[in-house]
Amino acid sequence: MKTGAKILIEGLLRQGVTTIFGYPGGVVLPIYDELYDSPLRHILVRHEQAAAHAADGYARASGRTGVCLATSGPGACNLVTGIATAYMDSIPMVALTGQVPTALLGNDAFQESDITGITMPVTKHNYLVKRAEDIDTVLAEAFHIAGTGRQGPVLVDLPKDVVTNEAPDPGPLKEVSLRGYNPTFKGHLRQIEKAISMIAEAERPVIYAGGGVIASDASPELIRFAEMTGIPVTTTLMGIGAIPCDHPLNLGMLGMHGTRYANYAITECDLLIAIGARFDDRVTGRIQSFAPNARIIHIDIDPAEIGKNKVVDLPIVGDSRQVMICMLDRLTGTTDRSVWNEKISHWKVQYPMACPEDGVLRPQLVIKTLSDLLDGEGIIVSEVGQNQMWTAQQFCFKHPRTWITSGGLGTMGYGLPAAMGAHFARPDLPVFDIAGDGSIQMNIQEFGTIVQYDIPVKVVILNNMYLGMVRQWQELFYDRRYSYTELPSVDFVGIAAAYGIDGMRVDSADQVKEALTAAIDTDGPFVLDFRVEREENVFPMVPAGAAINEMIGGEKK
Amino acid sequence: MKVHTLSVLVENKSGVLSRVAGMFSRRGFNIESLAVGTCEVPEMSRITITVHGDDTRIEQVKKQLNKLIDVIKVSDITYHEHVRRELALIKVVANPGSSRAEVMQIADTFRAQIIDVGAKTLILQVVGPPEKIDALEKLLRQYGVKELVRTGMIAALRGSKTTAGD
Numbered sequence: 001m002k003t004g005a006k007i008l009i010e011g012l013l014r015q016g017v018t019t020i021f022g023y024p025g026g027v028v029l030p031i032y033d034e035l036y037d038s039p040l041r042h043i044l045v046r047h048e049q050a051a052a053h054a055a056d057g058y059a060r061a062s063g064r065t066g067v068c069l070a071t072s073g074p075g076a077c078n079l080v081t082g083i084a085t086a087y088m089d090s091i092p093m094v095a096l097t098g099q100v101p102t103a104l105l106g107n108d109a110f111q112e113s114d115i116t117g118i119t120m121p122v123t124k125h126n127y128l129v130k131r132a133e134d135i136d137t138v139l140a141e142a143f144h145i146a147g148t149g150r151q152g153p154v155l156v157d158l159p160k161d162v163v164t165n166e167a168p169d170p171g172p173l174k175e176v177s178l179r180g181y182n183p184t185f186k187g188h189l190r191q192i193e194k195a196i197s198m199i200a201e202a203e204r205p206v207i208y209a210g211g212g213v214i215a216s217d218a219s220p221e222l223i224r225f226a227e228m229t230g231i232p233v234t235t236t237l238m239g240i241g242a243i244p245c246d247h248p249l250n251l252g253m254l255g256m257h258g259t260r261y262a263n264y265a266i267t268e269c270d271l272l273i274a275i276g277a278r279f280d281d282r283v284t285g286r287i288q289s290f291a292p293n294a295r296i297i298h299i300d301i302d303p304a305e306i307g308k309n310k311v312v313d314l315p316i317v318g319d320s321r322q323v324m325i326c327m328l329d330r331l332t333g334t335t336d337r338s339v340w341n342e343k344i345s346h347w348k349v350q351y352p353m354a355c356p357e358d359g360v361l362r363p364q365l366v367i368k369t370l371s372d373l374l375d376g377e378g379i380i381v382s383e384v385g386q387n388q389m390w391t392a393q394q395f396c397f398k399h400p401r402t403w404i405t406s407g408g409l410g411t412m413g414y415g416l417p418a419a420m421g422a423h424f425a426r427p428d429l430p431v432f433d434i435a436g437d438g439s440i441q442m443n444i445q446e447f448g449t450i451v452q453y454d455i456p457v458k459v460v461i462l463n464n465m466y467l468g469m470v471r472q473w474q475e476l477f478y479d480r481r482y483s484y485t486e487l488p489s490v491d492f493v494g495i496a497a498a499y500g501i502d503g504m505r506v507d508s509a510d511q512v513k514e515a516l517t518a519a520i521d522t523d524g525p526f527v528l529d530f531r532v533e534r535e536e537n538v539f540p541m542v543p544a545g546a547a548i549n550e551m552i553g554g555e556k557k
Numbered sequence: 001m002k003v004h005t006l007s008v009l010v011e012n013k014s015g016v017l018s019r020v021a022g023m024f025s026r027r028g029f030n031i032e033s034l035a036v037g038t039c040e041v042p043e044m045s046r047i048t049i050t051v052h053g054d055d056t057r058i059e060q061v062k063k064q065l066n067k068l069i070d071v072i073k074v075s076d077i078t079y080h081e082h083v084r085r086e087l088a089l090i091k092v093v094a095n096p097g098s099s100r101a102e103v104m105q106i107a108d109t110f111r112a113q114i115i116d117v118g119a120k121t122l123i124l125q126v127v128g129p130p131e132k133i134d135a136l137e138k139l140l141r142q143y144g145v146k147e148l149v150r151t152g153m154i155a156a157l158r159g160s161k162t163t164a165g166d
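Line by line, the protein sequences are chains A and B.
Letter by letter, the first sequence follows residues 1 to 557 in the working numbering.
Letter by letter, the second sequence follows residues 1 to 166 in the working numbering.
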């Protein structure tokens, strides 16, 4: 016989978990007691939200399921933003929460919250475990559901008596079988053959690759497929890194802050091949005008995404990688796409995603310089807002899983804790968090965690003393009425110093390279406070409700 | 726009109904009626849902239902031969010597049973497709319907086929 807590920790180890992120509290005391002399590494964060984001960052950087742990009530509720972030971006995560004893459930007991009820809309599935005997099976199911099909977060709620009670040793790991859950991995052969012939017929095809390509580790297949067919590739925010930024067939990001040439290519293409992407409104702009002349092939593991936002001509349900392997096997001959690719090259020259270099300390210059210094070898995490878009536009990503950002939910405060998680997944790589002065203050308490575990995350704050993206919209669409978007100057170097972290304030463009080099050369964490041009905007930009070729900014100067 | 009848086989576990109902409300799908009960397999339940929408929307409803882990099978039986039934209890004002005889006559016509006789009211039990219950309720309204309780519609495929698929 073993206690539920012991079965839980042993179950985590059997799933191959090495690191979890958490915060203790009353009802999880038995679990923490079990952790005390367990080989499982537990990282104590400073706020439960950070535990969820760190588990998420760990998952994105490694491809393995991230795990977080919190107590009942407020602890569990604080995980919710992090769980919702993972859900929107289909990130595999298992969230463990403590719960009041089963006898008190529903009694409004101290620190009770109905966390399975609260998280139902933002989890792939969740469990309230009622018996110690069920822990092992539930845990195996949770990891199976989180990590297969369209991945996502699964929450397991554990009442205190369930982890203190004893149950028989569960024995060896059993295979999970759920009659209500059978994801389709292999694409339908006839559909794949149809796709091959549609591709052969197309004169102006474009591949639109999303986060599904990253999730299924299909980057090599995507690149081979593009090269064999000569089809240019644009990626969503979530798909960045699937094809190297400097690959001749890469069009960069599409959509609201995408490149002009990607958006023009979409608008003029006669065949759109969507792979692991979901036609999000930030990508499509006015949906009726998105790829208006194209037949559409949509490859996705989630059948519910097909036809959800846009009617498609050929659906292929399956894992991106498996489907592309199957397509690669069947490709015959090549079609000459030189006219189409020349047209795109012309757009690339005409409308480059240029970095302004005019001696002013502009945020784009910081990102561009960092990109040059790292040469694509590192993990870049972002917060949300202008900092995120400038990084997506200016950083030259060369590998999948090196760009970590909250795409779907757009969670400010995501970056710093996710960067911590990314470090534990890939301790061999330098990890940078690109932040704004607004979002860094949403989880700045994690400086404490960084110091405690000597996590060498470098924080790059693009400090414009504004909530920049909102200010940009106010400038462009609300007659410059900056309603509650101005922030006072904060001494971030001073805050870092108070936690025991080195930092540097940068006030001019000619210090940028030196400052970033200093950060790279520092072994431990480092905070850089760049006082950037305050009213710099993210361009090009598709205004809300416009077609994606109706962009403002980004013309050739 | 058409009313679709979905027969949904689910795990008989706590929280299943709230997962299904929650998915409908958060995605803005409107449930016309929902009936749930045990079925031929003890560890499963069957939910019959009627939902309004065009084909694209119904397709999305079915796909989203299928994504729920506890949903085992979704069958849209709208375009298949099937029988539909609902049960209603209608408490109607029927004073002796005034409307009682008329109400009893209407009940007879609709093959509704009188299952309770009160001093001033009768309770009618009627079984049939929802339209029949609507029609009866409409007729009885002139006498005063004090209470109307409906089970929600249930449905089954005609012949030997089942919505469980075997």
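Each residue gets a CB set at the ideal place from its N, CA and C atoms; glycine is no exception.
None of the values given here were measured: they were computed from a predicted structure.
Counting only C-beta atoms, is residue i closer than 7 Å to chain B at any point?
| i | result |
| --- | --- |
| A/Pro153 | no |
| A/Ala304 | yes |
| A/Gly171 | no |
Rank the options by C-alpha distance to the C-alpha of residue i and give the top, closest one.
| i | options | result |
| --- | --- | --- |
| A/Phe432 | A/Val460, A/Ile455, A/Arg426, A/Gln441 | A/Val460 |
| A/Asp521 | A/Asn537, A/Trp473, A/Leu370 | A/Leu370 |
| A/Lys144 | A/Ile9, A/Leu178, A/Tyr23 | Per the sequence shown, the amino acid found at residue 144 of chain A is His instead of Lys. Minimum Cα distance to A/His144 is reached at A/Leu178. |
| A/Gly210 | A/Asp428, A/Ala274, A/Ser38, A/Ile223 | A/Ala274 |
| B/Gln142 | B/Ile77, B/Gln125, B/Glu102 | B/Glu102 |
| A/Ala277 | A/Cys68, A/Gly415, A/Val213, A/Glu446 | A/Val213 |
| A/Ile207 | A/Ile196, A/Thr234, A/Glu475, A/Asp108 | A/Thr234 |
| A/Arg64 | A/Ile440, A/Asp217, A/Glu203, A/Leu104 | A/Asp217 |
| A/Met88 | A/Leu96, A/Gly98, A/Val154 | A/Val154 |
| B/Arg158 | B/Lys120, B/Leu124, B/Arg100, B/Tyr79 | B/Tyr79 |
| A/Ala425 | A/Ala509, A/Gly57, A/Gly11 | A/Gly57 |
Would residue i pass as an interface residue toward chain A - the criterion being a Cβ-Cβ separation below 7 Å?
| i | result |
| --- | --- |
| B/Val185 | An answer regarding residue 185 of chain B cannot be provided, because it is not within the stretch 1 to 166 covered by chain B. |
| B/Lys67 | yes |
| B/Val149 | no |
| B/Ile106 | no |
| B/Ser71 | Before going further, note that residue 71 of chain B is Val rather than Ser in the sequence given. It does: the Cβ of B/Val71 has a partner Cβ on chain A nearer than 7 Å. |
| B/Gly144 | no |
| B/Arg247 | Any question about residue 247 of chain B goes unanswered here, given that chain B covers just 1 to 166. |
| B/Gly22 | yes |
| B/Gln125 | no |
| B/Arg26 | yes |
| B/Lys13 | no |
| B/Lys2 | no |
| B/Lys63 | yes |
Taking 6 Å as the limit between beta carbons, can you name the residues of its chain near residue i, skipping five residues before and five after?
| i | result |
| --- | --- |
| A/Pro540 | Arg260, Met551, Gly553, Gly554 |
| A/Phe290 | Thr284 |
| A/Glu566 | Any property of residue 566 of chain A remains undetermined from this structure, which presents chain A solely from 1 to 557. |
| A/Met469 | Gly385, Gln386 |
| A/Ile223 | Ile243 |
| A/Lys6 | Glu34 |
| A/Ile294 | The amino acid at residue 294 of chain A is misidentified as Ile; the sequence shows Ala. These residues qualify, in order along the chain: Cys269, Asp270, Leu271, Leu272. |
| A/Gly25 | Thr71, Gly75 |
| A/Ile115 | Ala76, Thr97, Asp157 |
With a CB to CB cut of under 7 Å and the five nearest residues on each side skipped, what residues in its chain are close to residue i?
| i | result |
| --- | --- |
| A/Lys194 | Leu314 |
| A/Pro303 | Val317 |
| A/Arg14 | Leu173 |
| B/Ala164 | Leu9, Lys73 |
| B/Val36 | Leu17, Ser45, Ile47 |
Once you ignore the five residues that flank residue i on each side, which residues in its own chain have a CB closer than 8 Å to its CB?
| i | result |
| --- | --- |
| A/Lys645 | Any question about residue 645 of chain A goes unanswered here, given that chain A covers just 1 to 557. |
| A/Asp246 | Cys396, Lys398 |
| A/Ile301 | Gly149, Arg150, Pro183, Thr184, Phe185, Gly212, Ser216, Gly276, Val317, Gly318, Asp319, Ser320 |
If I'm right that residue i touches residue j with Cβ under 8 Å, what's the distance once you round it to whole angstroms?
| i | j | result |
| --- | --- | --- |
| A/Gly230 | A/Arg337 | 4 Å |
| A/Arg362 | A/Glu533 | 5 Å |
| A/Ala54 | A/Phe21 | 4 Å |
Residues of the stretch 120-145 of chain A with Cβ closer than 8 Å to any Cβ of chain B, in chain order: Met120, Pro121, Lys124, His125, Leu128, Ile145
Residues from the stretch 298-331 of chain A in contact with chain B, defined by Cβ distance under 7 Å: Pro303, Ala304, Gly307, Lys308
Contact list for the stretch 436-463 of chain A against chain B, Cβ threshold 7 Å: none
Contacting positions in the stretch 168-195 of chain A - beta carbon closer than 7 Å to chain B: Leu178, Arg179, Gly180, Tyr181
Contact set between the stretch 365-396 of chain A and chain B, restricted to residues whose Cβ is under 8 Å from the partner: none
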